[in-house]
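Asks: Have a look at this one.
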Amino acid sequence: MRPFCTRMMRFPSLLLIAGCLSGLPTLSAQAQQQLSLPAMSPAVHLRQAFSTSYIDLNYSRPSKRGREVFGKLEPYGKVWRTGANSSTRIKFGEEVKLAGQVVPAGTYALFTIPDPKEWTVILNKDTSQWGAYDYKPQLDLLRVKVKPTALAAPVETFALTLENLQPEAADLVMRWDKVQLSVPITADADARVMTQIQEAMKTDKKPYFAAAQYYYSTDKDLGQAVKWMDEAIKQEPKSYYFYYWKAKMLQKAKRNAEATAASKQSLELVKAEKSAPLQEEYVRLNQQLMAELAKK
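Per the working numbering, residue 1205 is the first one in the sequence shown, and the count goes up by one each step.
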């Protein structure tokens, strides 16, 4: 405090005190040091390749911290944000089905209504909410009923995951405390891929190899797959990789003599491969394939 103020504080007045205090240093909001603190409910962004596109999850992860979660912290019968902080968001890169109901490509808020016997899972069109305080049921895209399962041991931190991934199916799984919820997601990738192949084959850059592999992996017309492999080989006649896959397709079509010939050609071409590990791998793969063919 300034010396003059110190002397005059023996005879204080409101004006004097105000004048003296005005000389003290102050901290404005802008001048205060910003702190980086651990989040009580850390945010997560999960992006999972799925079908012909992806699924995105954005949510925050609250922890149990000794509390009884469902029925107490998160009451039964009330809409829950299914996480913490902002409402949980899920984005689908293509049309899917959630528990059998159609969901157009897009981003949705994911809400739930906990219940001891049967939860309600909600996709809502309003993705800008903080929590579920402004939840509007008239903006629901869908509601599905899902039975929870009990976990043997409590899960400390809330988790949303995508599990049991297949080309056209996955499960959206929620775990917290002693509760697990699993919601099936399905997609019709085959229809989209077949349309893509049909359109791509009309262009100058025809995806012969990719189309042939898709036919092979999905048990479609193997004769067509082999024809496409022949076209791919015309473009890259020294590709031991293409000859190996042609042999695999011929094997699946039970054209064993042709498969053996293609595999032998792959073996001959792989001799020019400069990468020793790659050369060793395709020598092994072709020898294994020919051994299988020899048994039949």
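Every residue gets a Cβ at the ideal spot worked out from N, C-alpha and C, and that includes glycine.
In this text the structure is predicted, and so the values were computed from the model without any measurement.
Relative to the C-alpha of T1311, which residue among I1326, D1319, P1318, A1303 is closest?
Replies: T1311 has its Cα closest to that of I1326, out of I1326, D1319, P1318, A1303.
Asks: Tell me whether W1323 is buried or exposed, calling it buried when 16 or more other Cβ atoms sit within 10 Å of its Cβ.
Replies: W1323 comes out buried.
Asks: Let me know the secondary structure DSSP gives Q1236 once reduced to three states.
Replies: Reduced to three states, the DSSP call for Q1236 is coil.
Asks: Beta carbon of L1346, beta carbon of Q1305: below 7 Å?
Replies: Yes, the Cβ-Cβ distance between L1346 and Q1305 is below 7 Å.
Asks: Quick one: Cα of T1230 to Cα of Y1337, how far?
Replies: Only weak support exists for where T1230 lies, its pLDDT of 49 falling under 50; the coordinates are left without a value.
Asks: What is the rounded straight-line gap between the Cα of F1413 and the Cα of Y1447?
Replies: F1413 and Y1447: Cα-Cα distance of roughly 11 Å.
Asks: Once you ignore the five residues that flank M1405 on each side, which residues in its own chain have a CB closer than 6 Å to its CB?
Replies: There are no such residues.
Asks: Helix, strand or coil for A1247 per DSSP?
Replies: Of the three classes helix, strand and coil, the one that applies to A1247 here is strand, per DSSP.
Asks: Taking DSSP as the reference, what is the three-state secondary structure of V1359?
Replies: Reduced to three states, the DSSP call for V1359 is strand.
Asks: Please go through the stretch 1404-1433 and give each complete alpha helix (DSSP H) segment of 4 or more residues, from N-terminal end onward.
Replies: The qualifying runs are 1412-1421.
Asks: Within the stretch 1254-1285, note down every full beta strand (DSSP E) run reaching 3 residues or more, in order along the chain.
Replies: DSSP runs (the beta strand (DSSP E)) wholly in the stretch 1254-1285: 1257-1264.
Asks: Considering only their Cβ atoms, is the gap separating N1262 from R1293 smaller than 7 Å?
Replies: The answer is yes: Cβ separation under 7 Å.
Asks: Kindly examine the ligand ZN and report whether one of its heavy atoms sits closer than 6 Å to the Cβ of R1347.
Replies: Looking at this structure, you won't find the ligand ZN or any other ligand, since it has none at all.
Asks: Take N1490 as the anchor and find which of T1464, P1481, E1477 has the nearest alpha-carbon.
Replies: The residue with the shortest Cα to Cα distance from N1490 is T1464.
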